[in-house]
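A.B. asks: The structure follows.
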Amino acid sequence: MLEFLTDGLRAALLHCNLNKVYELRVRAGKPVVCNYGGAYTYLGARGVCPRAGGALTASVSDIEQIISRASEYSVYSVTEQLRQGFLTGAGGERIGIAGVFVYEGGESFAVRDVTSLNIRVPHEVIGCADAIFRRCFSAGLCSVLVLSPPGRGKTTILRDLARQIGGGGIVNILLSDERGEISAANRDFSLDVGACTDVIRFSGKKDALTAAVRAMRPDLIITDEVVSASEIEALAACVRGGVAVVASAHCKDAAALLASPVFARAAEEKLFDYYVQLSSQGVGQVEQIFDAALAPVGTC
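Letter by letter, the sequence shown follows residues 146 to 445 in my numbering.
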């Protein structure tokens with residue numbers, strides 16, 4: 146995990162509890178910021194510190210080194226990821242990239258002059274989806290949409306749901322892992338996503354779901370961060386074909402869901418049997434569960 150970091154950053158993290166490190170924000174010429182246990186602080190040479198003056202300062206060279214190491218010294222091999230603004234580390238770490246986006250033919254072609262990285266560290270929290278599993282899946286498979294602002298634990302919840310659903314009997318689960326961060330702790334896929342889970346990595350949702358339904362015959366599809374009407378339609382096609390779907394979306398609450406043109410239609414058509422709203426406080430905490438009509442049904 147985080148083997149691609151510079152030697153200085155790795156040495157600093159030796160003084161931290163890695164189970165509490167959720168994000169590292171590395172910005173050229175600025176102090177390194179760490180999301181530690183759900184709260185932002187600075188990262189100094191001897192671990193987290195409260196003041197910017199005691200923090201490590203990243204350089205452009207540090208950022209270039211991290212990208213080079215994360216791509217296993219072959220940036221060209223990850224061009225498709227980079228043009229989408231991210232890179233996935235060997236341990237499933239999502240490395241968000243900010244810099245100069247170069248366009249060709251109206252589409253992002255490359256990223257250069259990278260000045261900022263947001264490194265999100267995956268965690269396996271066994272049991273974090275207990276309340277969702279009890280409330281939503283006690284009677285069998287169903288379709289669920291997990292809602293929260295960014296960084297509140299949606300991916301961790303999905304990972305634990307895959308483990309729990311797949312551990313309750315033979316249920317064929319297809320995990321569409323578009324950025325490779327749900328399933329992989331390392332190249333050996335050591336994160337537990339269930340014994341009967343098949344994984345499609347680094348594919349767009351539409352292609353992955355079409356191929357999955359035709360070839361893999363899943364009972365349940367799990368996918369992260371639905372963002373567009375075309376992705377909603379791909380999920381709807383799965384549901385209409387008799388395959389349950391568990392997905393996540395960036396929405397702070399049910400009101401925001403209904404205000405979104407993308408998700409309002411899904412709510413009107415009752416595509417999902419349940420909506421799970423995570424708390425804006427803490428990480429991976431369930432605040433409320435709603436039924437298909439968006440009526441509250443509790444959390445346990």
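Each residue gets a CB set at the ideal place from its N, CA and C atoms; glycine is no exception. Since this is a predicted model, take the numbers as computed values, not measurements.
1) Given this structure, state the Cα-to-Cα distance separating residue 280 from residue 402, to the nearest angstrom.
2) Could you pull out every residue in the same chain whose Cβ sits closer than 7 angstroms to the Cβ of residue 331, ignoring the five residues on either side in sequence?
3) With respect to the alpha helix (DSSP H) encompassing residue 227, which residues constitute its N-terminal and C-terminal limits?
4) For residue 376 and residue 204, I'd like the C-alpha separation in whole angstroms.
5) Compare the Cα-Cα distances from residue 298 to each of 199, 201, 423, 288 and report the closest residue.
6) To the nearest angstrom, how far is it from the Cα of residue 266 to the Cα of residue 242?
7) Report all residues from its chain with a CB closer than 7 angstroms to the CB of residue 309; omit the five preceding and five following residues, and keep chain order.
8) Expressed to the nearest angstrom, what Euclidean distance is found between the alpha-carbon atoms of residue 390 and residue 356?
9) Sort out for me which residues DSSP pairs residue 422 with in a bridge.
10) Spell out the partners DSSP gives residue 395 in its beta bridges.
11) So, for residue 207: in the same chain, excluding its five sequence neighbours on each side, which residues have a beta-carbon less than 6 angstroms away from its beta-carbon?
12) When you compare only the Cα positions, how much space is there between residue 247 and residue 396?
13) Would residue 293 pass as a contact of residue 368 if the rule is Cβ separation under 7 angstroms?
14) Kindly confirm or deny that the stretch 182-190 and the stretch 156-168 touch, where touching means at least three C-beta pairs closer than 8 angstroms.
15) Less than 7 angstroms separating the beta-carbons of residue 408 and residue 288?
16) Going along the chain, which residues of its own chain have a beta-carbon closer than 8 angstroms to the beta-carbon of residue 406, five neighbours each way excluded?
17) I need the DSSP call for residue 218, collapsed to helix, strand or coil.
18) Excluding the 5 residues flanking residue 344 on each side, which residues of the same chain have their C-beta closer than 6 angstroms to its C-beta?
19) Using DSSP with H/G/I as helix, E/B as strand and the rest coil, what is residue 320?
20) Considering only their Cβ atoms, is the gap separating residue 170 from residue 263 smaller than 7 angstroms?
21) Compare the Cα-Cα distances from residue 146 to each of 233, 398, 224 and report the closest residue.
22) Could you check which residue in 199, 272, 347, 304 has the C-alpha nearest to that of residue 231?
23) If you drop the 5 nearest sequence neighbours on each side, which residues of the same chain put their C-beta closer than 7 angstroms to that of residue 239?
24) By the 10 Å Cβ neighbour count, where 16 or more other Cβ atoms means buried, how is residue 352 classified, buried or exposed?
25) Quick one, which of 426, 223, 400, 425 has its alpha-carbon nearest residue 438's?
26) Pick helix, strand or coil for residue 344, following the three-state DSSP scheme.
27) Which of helix, strand or coil does DSSP assign to residue 406?
C.D. replies: In this structure, then:
1) So the two alpha carbons sit approximately 21 angstroms from each other.
2) Only weak support exists for where residue 331 lies, its pLDDT of 43 falling under 50; the coordinates are left without a value.
3) For residue 227, the enclosing alpha helix (DSSP H) covers residues 224-228.
4) The straight-line gap separating the alpha-carbon atoms of residue 376 and residue 204 is approximately 38 angstroms.
5) Restricting attention to 199, 201, 423, 288, the CA atom closest to the CA of residue 298 is found in 423.
6) Each residue's alpha carbon lies about 15 angstroms from the other.
7) Same-chain partners within the cutoff: 274, 278.
8) Answer to the nearest angstrom: the Cα atoms are 15 angstroms apart.
9) Answer is 292, 433.
10) In the DSSP assignment, residue 395 forms a beta bridge with 293.
11) Only residues of its own chain outside the window of five on either side were considered, and among them 151 have a CB closer than 6 angstroms to the CB of residue 207, listed in chain order.
12) For residue 247 and residue 396, the distance between alpha carbons rounds to 29 angstroms.
13) No.
14) These segments touch.
15) At the C-beta level, residue 408 and residue 288 stay beyond 7 angstroms of one another.
16) Correct list, in chain order: 374.
17) In the structure shown, residue 218 adopts coil according to DSSP, grouped into three states.
18) Closer than 6 angstroms at Cβ, skipping near neighbours: 320, 322, 328.
19) Reduced to three states, the DSSP call for residue 320 is strand.
20) Yes, these two residues count as a Cβ contact at 7 angstroms.
21) With distances taken between CA atoms, residue 146 lies nearest to 233 out of 233, 398, 224.
22) Nearest of 199, 272, 347, 304 to residue 231, Cα basis: 347.
23) Hits under 7 angstroms: 231, 233, 265, 324, 326.
24) Only exposed fits residue 352, as fewer than 16 other CB atoms lie within 10 angstroms of its CB.
25) Ranking 426, 223, 400, 425 by Cα distance to residue 438 puts 400 first.
26) Correct three-state label for residue 344: strand.
27) Residue 406 falls in the helix class under three-state DSSP.
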